[in-house]
Structures are given as C-alpha cells and as structure tokens.
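Reviewing the structure listed below.
Written out as structure tokens, the structure reads:
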C-alpha cells in the first residue's frame, strides 16, 4: 500500500500538482488554510496538519492551557489533536488518516471535512484571543485606577480519573 493513489486523487480534485517529498510530505493551501500532509509508511497512514490561526499575543499561556484542555480524550477535536508551533506562533489541528480499507473518495471527503472543521477552531481561537485581550485591557485599566485586576472568566475543567 502506498500514498500515490490518494495524493493523485487530491491533486486531481484540487487541480494542483501535488507530490510528496522524499520524506513523504507535501504542503498546500485549501480553502484558505495551509495544510501539511505527511505519509507514514510504517502505519500506512497520513497525518494531516491544518493551520487554525495565530495566538493573539495576550495571555498566550492561558490560551494554550485552554487548547490543551480541549485535547482531553480528543472530545472537542473530533479525533484530531491541537498543537502549537512555537517557531511560527501558529495553532494547528493534526488528524491521523489510516488508509487500510479507505478508498480515494473517502480520503478526499476526510480532507475536506478537516479543512471545514478547522474553521470552527479558527472561530474558537479568535474568540479566545479576543477574551484574553479584553481581560488584559481590564487588568491594565484596574491597575491604572488603583483597583485589582479581574480574574479570568474560565472555570476549572473536571477531569475523569481512571
């Protein structure tokens, strides 16, 4: 089993000339989203990485904490995993796509669904950035007025103990 039929189908569907590098990777842009497709020969699967957006620069640690909490049991990410690339400042979603029994049509649908789902996370990340910016501005204003800084509006998550 190899990646060729899937990559050829994706190239045909998008009208792009997509080829995997010697390491099995290809970078492209679909629907305004940057994607990295990595073929993993040992598991006969792809890892699809799609950029969601950048951190806003306001209380990034708090946003990363919220993103990490969303990875718990992959429940909020529909089986993907959120990640943060410190070199680029970008948040991304990573999805494994095993190819055993997967035809090229289903592969194309899966890639399309990943790109569409990244829009949901783009909106969530934008809202998180906005909230943290507002909290920072409130804290700065409170300090200027001699008051106390407001606490973040999040509540601690409950975690399942196994």
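Numbering (the working numbering), first residue to last: 86 to 247. C-beta: ideal position from N, C-alpha, C; glycine also.
Could you check which residue in the options has the C-alpha nearest to that of residue i?
| i | options | result |
| --- | --- | --- |
| residue 180 | 166, 156 and 191 | 166 |
| residue 207 | 111, 116 and 94 | 116 |
| residue 95 | 159, 222, 141 and 113 | 113 |
| residue 145 | 92, 213 and 105 | 213 |
Taking the alpha helix (DSSP H) that residue i falls in, what are its first and last residues?
| i | result |
| --- | --- |
| residue 169 | That residue, residue 169, is in no alpha helix (DSSP H); its beta strand (DSSP E) goes 166-170. |
| residue 213 | 189-229 |
| residue 154 | 145-155 |
Excluding the 5 residues preceding and the 5 following residue i in the sequence, name in chain order all residues of the same chain whose CB lies nearer than 7 Å to its CB.
| i | result |
| --- | --- |
| residue 185 | 129 |
| residue 210 | 137, 138 and 176 |
| residue 245 | Because the pLDDT of residue 245 is 49, which lies under 50, any placement of that residue in the model is unreliable, and the question is left without a value. |
| residue 155 | 161, 162 and 167 |
| residue 90 | 189 |
Could you give the DSSP three-state label for residue i: helix, strand or coil?
| i | result |
| --- | --- |
| residue 134 | strand |
| residue 88 | coil |
| residue 95 | helix |
Provide the residue(s) that pair with residue i in DSSP beta bridges, ordered along the chain.
| i | result |
| --- | --- |
| residue 182 | 131 |
| residue 276 | The structure shown has nothing for residue 276, since the chain only spans 86 to 247. |
| residue 122 | 111 and 133 |
| residue 175 | 139 and 170 |
Please tell me whether, using a cut-off of 6 Å, the distance from the CB of residue i to the nearest non-hydrogen atom of the ligand HEM is below it.
| i | result |
| --- | --- |
| residue 142 | Ligands are entirely absent from the displayed structure, and the ligand HEM is therefore not among its contents. |
By Cβ distance below 8 Å, which residues in the same chain neighbour residue i in space, the five residues on each side in sequence not counted?
| i | result |
| --- | --- |
| residue 163 | 202 |
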